[in-house]
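For the sequence shown, counting from 1, position 64 maps to 64 in the UniProt record's numbering; every step adds exactly one. Positions of the beta carbon are idealized from the N, C-alpha and C atoms, including for glycine.
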Amino acid sequence: MNADHRSTESGLNTETTGDVSGVPANGTHALPVAKTPRPAPLHGGSRQKQRVAVIIPAKDEARRIAATVRAAKAIPHVDLVLVVDDGSEDTTQHVAREAGAVVVRHSHNRGKAAAMETGAAVVAMRDVADRPPRLLLFIDGDLGETAVNTAPLVPPVLDGLADMSIALLPPQPGAGGRGIVVGAARRAIQSMTGWTPTQPLSGMRCLTREAFEAATPLARGWGVETGLTIDLLRKGYVAVEVPCDLRHRPSGSDLKGQIHRANQYRDVQLAVGARRVRSALDALGGHKHSGK
């Protein structure tokens, strides 16, 4: 649940990319070529064997999780909807299971990054040898019936245009905040990768298995999205932002909302700081190796 989403006008390359928005994270306006190898097209170009797993990290989402699960099951190419109950104190796991999801549960709250990693591991165990690994579509548990509108995230990854697609959300009614956390994350990503995302904190993302594993271990807490983007782009993977008509429960401008944004800011800074240190150490190691 990312309360600081903002929607801006983007340079949509409608002639060639359709619903893929903005400049791909390879620094050009041309169609990106994703780093991850794709399975050969089957039967007239359709990728009949490629499937998608929806992974929904959730905590105390009993009121909305059923609608989210049902909507996610309607997304084309999806054959698995997995809810990772991250230590809920309500009936999230039971409601999700009754709605048709596969459910795994953390006995205590471990955070979104851990839930994402657990979900990806469970999906890997369910992948089969004669099919390519499922694409991983991460969505929030509070999207309700709008979860089906994450469907546009799949084609850019499925068709080899990107290794990761990121949802661009419309303005959310009742959202608080002044964009401070979004701005900090955006500037950090730009300075470390050269790409300026519109909504760097968007949690709705579709990735290849290879791309996800290249970014692990994930940054902790609310820094997971920022860290994921930085890590993948610095390793040569391609990301695009895709408009999706989604509605979720934003945090407001009350004390609870302010505390949430303060925690977001802290976690983003921790994720960025860790990656700056890692980058500096890598550069130092490179100089030593070259004898400079």
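Rounded to whole angstroms, what is the Cα-Cα separation between residue i and residue j?
i: G111; j: A184; result: 21 Å
i: I139; j: M192; result: 26 Å
i: Q264; j: T226; result: 11 Å
i: E145; j: A72; result: 8 Å
i: W195; j: A167; result: 16 Å
i: R209; j: R64; result: 28 Å
i: L135; j: V148; result: 16 Å
i: T36; j: D163; result: 6 Å
i: V74; j: A283; result: Before going further, note that residue 74 is Ala rather than Val in the sequence given. Straight-line Cα distance between these residues: approximately 46 Å.
i: A99; j: R276; result: 43 Å
i: G44; j: A214; result: Residue placement at G44 is poorly supported in this model, since its pLDDT is 45, which falls under 50; the coordinates still yield a value, given next. One C-alpha to the other measures close to 31 Å.
i: T68; j: R131; result: 27 Å
i: N13; j: V242; result: At N13, the pLDDT of 30 sits below 50, so the modelled position is not reliable; the number obtained from the coordinates is stated separately. Cα-Cα distance, rounded: 11 Å.
i: R70; j: H248; result: 16 Å
i: H108; j: L232; result: 29 Å
i: A3; j: L201; result: Note that A3 scores 36 on pLDDT, short of 50, meaning its location in the model is unreliable; the coordinates nonetheless yield the value given after this. Rounded to whole angstroms, A3 to L201 spans 9 Å at the Cα level.
i: S88; j: G285; result: 43 Å
i: A280; j: I230; result: 14 Å
i: T92; j: C244; result: 25 Å
Determine whether the beta carbon atoms of residue i and residue j lie at a separation below 8 Å.
i: H77; j: R51; result: yes
i: V83; j: A101; result: yes
i: G223; j: L270; result: yes
i: V240; j: P156; result: yes
i: L137; j: I55; result: yes
i: D90; j: A62; result: yes
i: D267; j: R234; result: no
i: residue 321; j: L143; result: In this structure the chain extends from 1 to 292, so residue 321 is not present and cannot be described.
i: V181; j: R97; result: no
So, is residue i buried or exposed, given that buried needs 16 or more other C-beta atoms within 10 angstroms?
i: K59; result: buried
i: P57; result: buried
i: V33; result: exposed
i: P217; result: exposed
i: N26; result: Here the model assigns N26 a pLDDT of 49, short of 50, so the residue's position is not dependable, and the following value carries that caveat. Its Cβ being crowded by 16 or more others within 10 Å, N26 is buried.
i: V272; result: buried
Identify which residue in the options has its Cα closest to the Cα of residue i.
i: A151; options: S165, E98, G100 and A283; result: S165
i: Q258; options: G179, Q93 and Y237; result: G179
i: P197; options: R126, D90 and R187; result: R187
i: A115; options: D282, D127, D159 and G141; result: G141
i: Y237; options: D245, R266, C244 and L228; result: L228
i: V154; options: I55, A120, E89 and R205; result: R205
i: L161; options: L207, Q190, H248 and M125; result: L207
i: E117; options: L201, D86 and G273; result: D86
i: A113; options: R97, F212, R70 and T92; result: F212
i: A66; options: V103, K49 and A53; result: V103
Going by the C-beta, is residue i closer than 7 Å to any heavy atom of the ligand ATP?
i: T198; result: Absence of the ligand ATP from the depicted structure is noted, as is the absence of any ligand whatsoever, leaving it without description.
Should residue i be flagged as near chain C, meaning a C-beta pair shorter than 8 Å?
i: D86; result: No chain C is part of this structure, which consists of one protein chain only.
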